[in-house]
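Each remark here refers to the structure printed beneath this line.
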Amino acid sequence: MFDLLGLSAQHEAVYRAMLQRPDLNVAGLSDHLGVSSGEVSAALDVLADLALVRLDPRGDHARPVRPQAGLMALLTKVEAEVAVRQQQVEATKAAIAAIATAHDDYHQVAEGRLLGGVDSVRDRLAELAHSARTECLSFSSGGAQSPDTLEAEAPLDQQALQRGVQIRNVYQDSFRNDPGTLAHARWLAGLGGQSRTTPTLPMRMVIVDREVALVPIEPTNPRQGALELHSRGIVAGLIALFEQVWHTATPFGEQAAADEQGLTRQERELLRLLAAGHTDESAARKLAISLRSVQRMMTSLTERLGAASRFQAGVQAASNGWV
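At position 262 of the sequence shown (counting the first as 1) the number is 262 in UniProt numbering, and the numbers step up by one without a gap.
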């Protein structure tokens, strides 16, 4: 209980015994506690160093100092040390901020600042995770995240949730087939985080505390880096986009229901993409699924429409109101 004050469990036991039985000498304390005389003597030396007992130089008796005086004096000393340590922490924070400002490799732009490359983005996301106060919203588009990325995010998410930060993530439906993402979503849900999925997402995005947003410099190639935005109007627009997608997305743990035509949302989105002129390859990238999965899905849709060709399937889908 008093580790903070420098007392082990045995030191505390000897001190408590002395308060209860001030008449006991070293041998008596040894018998009373069921420990050796050497252990009692060693504990008395520590208690004396901490000014919790006063040793009698003429014998083997020691007198305990009242807890209100001895223990409170130790606690006051620890509090003073903590205060000094906190001042050192604040000074270190200021020094880190000064170094970061002097050697910042971010490029300022009118709308915010550019974070060049994946490493800069990851470093900034870690900073935002540590400083988040209320909320973190995100779109995770593209392919499934690597195990290393999920492992790196886990402690940051856990710390934020423990501080009371609300976390809401939207993934693509294809992520439901990735064991790592599923495990991460379940783990996050156990801590209070929320995850949903939708067939496609416009881009990757992170919004923290409704004050700062990170979006890709080039949506088709997130590895180029991100643009950090602080404009209230722009951030408000991105929040509205997130809420619209979130409202229609399917929560993890629930299966996306087919619509009145028997189409899943992913199937309907594929039809929409192809009708808009996307190739199978670009539709696969948009849906974050393999080309083979797109082709299998189209074969199934063609058969269900009773069409002899994909062109006929497109005409029939439009006629049936599928697109």
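Yeah, the Cβ is synthetic: ideal placement off N, Cα and C, and Gly gets one too.
Treat the numbers as computed from the prediction; the structure is a model and nothing was measured.
DSSP-derived helix/strand/coil call for Q194: Numbered from 1 along the sequence shown, position 194 holds the residue referred to as residue 194. Three-state DSSP puts Q194 in a strand.
Beta-carbon proximity of A213 to L115, cut-off 7 Å: Within the sequence shown, numbered from 1, the residue matching residue 213 stands at position 213. Within the sequence shown, numbered from 1, the residue matching residue 115 stands at position 115. Taking 7 Å as the cut-off, the beta carbon of A213 is found no closer than this to the beta carbon of L115.
Where the alpha helix (DSSP H) through E267 begins and ends: By 1-based counting over the sequence shown, the position of residue 267 is 267. Segment R265 to A275, the alpha helix (DSSP H) holding E267.
L19 versus G38, R285, S37 and R54, residue with shortest Cα-Cα distance: As a working note, residue 19 is residue 19 in the sequence shown. When each option's Cα is compared against that of L19, the closest is R54.
Check whether G112 and E228 have beta carbons under 7 Å apart: On the sequence shown, residue 112 is found 112 positions in, with the first residue counted as 1. On the sequence shown, residue 228 is found 228 positions in, with the first residue counted as 1. Result yes, Cβ atoms of G112 and E228 sit closer than 7 Å.
Contained beta strand (DSSP E) runs [length at least 3] in the stretch 132–213, N- to C-terminal order: If we require 3 residues or more, the beta strand (DSSP E) runs fully inside the stretch 132–213 come out as 135–140, 166–172, 194–198 and 205–208.
CB of I217 within 7 Å of CB of Q224, strictly: Position 217 of the sequence shown, counted from the start, is the residue given in the question as residue 217. Position 224 of the sequence shown, counted from the start, is the residue given in the question as residue 224. Against a cut-off of 7 Å, the Cβ pair of Q224 and I217 comes out as a contact.
Pick from Q194, A13, A307 and Q145 that is closest to L47, judged by C-alpha positions: On the sequence shown, residue 47 is found 47 positions in, with the first residue counted as 1. Selected option, being the one with the closest Cα: A13.
Paired residues, beta bridge with L227 - DSSP: The residue you call residue 227 lines up with position 227 of the sequence shown. Bridge partners of L227 according to DSSP: L114 and V215.
From M298, E281 and S300, residue whose alpha carbon lies closest to that of L291: Position 291 of the sequence shown, counted from the start, is the residue given in the question as residue 291. Comparing Cα positions, the closest option is E281.
Neighbourhood of L128 by C-beta, 6 Å cutoff - its chain only, sequence neighbours within 5 removed: Locating residue 128 in the sequence shown gives position 128, counting from the first residue. Hits under 6 Å: V208.
Beta-carbon gap between P199 and R304 smaller than 7 Å: Along the sequence shown, read from residue 1 onward, the residue named residue 199 stands at position 199. Along the sequence shown, read from residue 1 onward, the residue named residue 304 stands at position 304. Using a Cβ distance threshold of 7 Å, P199 and R304 do not count as a contacting pair.
Residues near G164 in its chain [Cβ-Cβ closer than 6 Å; skip 5 each side]: As a first step, residue 164 is located in the sequence shown; it is residue number 164 there, counting from the start. Here the set comprises nothing.
Distance, A185 Cα to P155 Cα: Here residue 155 corresponds to residue number 155 of the sequence shown, with the count starting at 1. Here residue 185 corresponds to residue number 185 of the sequence shown, with the count starting at 1. Distance between the alpha carbons of P155 and A185 is about 14 Å.
For R63, three-class secondary structure by DSSP: Walking along the sequence shown from the start, residue 63 turns up at place 63. Strand, per DSSP.
Option nearest Q10 by Cα separation, candidates E39, G28, A27 and G306: Along the sequence shown, one-based indexing puts residue 10 at 10. Minimum Cα distance to Q10 is reached at E39.
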